[in-house]
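Q: Numbered per the working numbering, the sequence shown spans residues 184 to 563. For each residue, glycine too, the CB sits at the ideal point set by N, CA and C. Small disclaimer: the values here were computed from a predicted structure and weren't measured.
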Amino acid sequence: MTEHKTVLKGLEGVYVTESGVSLIDTENGALYYAGYDLRELVEHSSFEEVMFLLIHKRLPLRQEFSEFRELIRRSMELEPIHIEAIHRYARIVDVLTLLVILISLKGTGRQGGDPRDVNSAVDIVAKMGSFLSTIVRIKEGGDYVPPRSDFSYAENLLNMMNGGNYEDEHVEILDDLLIIHADHGISASTFAALVAASTLSDMYSSVAAAILALKGPLHGGASEASYEQALNIGDPAKVPAWLEATLSQKKKVMGFGHRVYKIYDPRAVVLKEIIAKYLDRMDGKVRLVYEITKALEDYGQKYLAPRGIFPNLDLWTPILYRMIGLPSDTFTALFAVSRSAGWTAHILEYWRDNRLIRPLHLYVGEYPRKYIPMELRGDS
Ligand code: CMC
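#1: Would you kindly check if the distance between the Cβ of D306 and the Cβ of S258 is under 8 Å?
#2: Quick one: any contact between the region 498-511 and the region 468-481, if contact means 3 or more CB pairs under 8 Å?
#3: Please report the residue range of the alpha helix (DSSP H) in which S523 lies.
#4: How big is the Cα-Cα spacing for P449 and L221?
#5: Throw me the rounded Cβ distance for the L242 and E232 pair, which I believe falls under 8 Å.
#6: Since I207 sits in a beta bridge, which residues does DSSP pair it with?
#7: Where does Y327 fall in DSSP's three states?
#8: Could you check which residue in A408, S313, Y550, S287 has the C-alpha nearest to that of R331?
#9: In the structure shown, what three-state DSSP assignment does P243 receive?
#10: Just checking my contact of I284 with A268 at CB under 8 Å: how many whole Å lie between their CB atoms?
#11: Using alpha carbons as the reference points, say which of M506, G440, F514, P556 lies closest to T209.
#12: Please classify Q246 as buried or exposed, where buried requires at least 16 neighbouring CB atoms within 10 angstroms.
#13: Does the Cβ of R442 lie closer than 7 Å to at least one heavy atom of the ligand CMC?
#14: Flag V436 as yes when its Cβ comes closer than 7 Å to any non-hydrogen atom of the ligand CMC, and as no otherwise.
#15: Near R252, which residues of its chain fall below 7 Å by C-beta distance, leaving aside the five closest residues on each side in sequence?
#16: Using a threshold of 8 Å, state whether the C-beta atoms of A365 and L237 are closer than that.
#17: Please name the residue in N339, H187, G212, L430 whose C-alpha comes closest to that of L570.
#18: Can you tell which of G483, R505, Y546, A375 has its C-alpha closest to the C-alpha of I540?
#19: What are the boundary residues of the alpha helix (DSSP H) that G196 is part of?
#20: Can you give the beta carbon distance from P298 to R535, rounded, assuming they're within the 8 Å contact cut?
#21: Under 8 Å by Cβ, that's how I've got A380 and Y533 pegged, so tell me the actual separation to the nearest angstrom.
#22: Tell me which residues share the same chain as S523 and place their Cβ nearer than 7 Å to its Cβ, disregarding the 5 neighbours each side in the sequence.
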């Protein structure tokens, strides 16, 4: 008798681990980090505190938080090898690939598997931010700006990127964006991180695996794709016809839909609230992208919502990214910087009870087949 085997493509509905890092409430549309509502964290917390929370599953006390911030600040300093690599590659490879190169350089010779290795987790998140800012800075012809001890992580990112050329509200927006992207359960990239970490590969290499999984437009790459989509549509009045044409050709609308949400993505709700605060100061290209995005959201109600497809965070992020002056080829990289907090927290948690991730496949080819030597196969 043949045993019945079921293939769960995309691992849809499969629980692959237990985790206390984040909870996605798909019924009520909420996201919690270690039990704390994302909304409340965006309002009251900072990215550094969220980093601590994701790793330790509790809020820090004053003294330990000041030591934690100091560790982050020190870890943000770049070594000459990184600065040289950025000078060498920044104009040749895309930003995400360069992040993979730089983070991989830090992984050489290290051993994975230690669930207490908080220092590496902090080093990774700190370095990821400095890498991104220094890539942008060097691409624009500037020099490496070291991190400052009196600045928050978000302010250091902007200062290292722009050399003092930013506004206070940009720091707030960036800090909110970093918090909003910090974790989201077992997303494809987090799973990629866990797959690599489960082999006891080092944490830096596991994060490199995660960055590569984040890159695609179905996951983190959607923000850049959604920005391009808005620019290609070009005019809010064209949205209804564009949507009809896109859907009739069975193409995906970027910034809509999610594997786990069949309701409005709660992260997108928070983003919209932040955007609303700055609406009267938004002009030029950013304003146009906002108007097109709003039209996409409105007409999405008619065309996509009845099928359970709602806006996700990537519909709205490009507006805030552009408002704080991020070049459009760095959107996914900023997502990676922020999500490295979640990746590393998940890796440390997984290493407490590590088990190699090694699923099965159902072979559907012929076997056994007899090998025929080349000279006996004929010419065509
Ligand atoms: N536009 C048009 N149709 C869609 C969309 C969309 N954005 N999303 C899903 N559908 C349709 C899809 O065509 C399919 O239709 P049918 O049943 O007729 O074949 C049905 O809905 C189910 O789609 P699916 O792709 O099988 O569903 P999924 O659970 O794999 O979808 C998704 C998740 C994110 C891959 C998908 O919604 C998508 O491709 N969205 C666009 C890319 C995007 O915005 N990604 C960012 C996700 S949020 C950031 C993050 O956390 O990664």
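A: Quick look at the numbers:
#1: yes
#2: yes
#3: 514-534
#4: 9 Å
#5: 7 Å
#6: L214
#7: coil
#8: S313
#9: coil
#10: 6 Å
#11: G440
#12: exposed
#13: yes
#14: yes
#15: E231
#16: yes
#17: Residue 570 is absent from the structure shown; the chain starts at 184 and stops at 563.
#18: A375
#19: Segment: none, G196 is in no alpha helix (DSSP H) and carries neither H nor E.
#20: 4 Å
#21: 6 Å
#22: I307, V308, M311, V390
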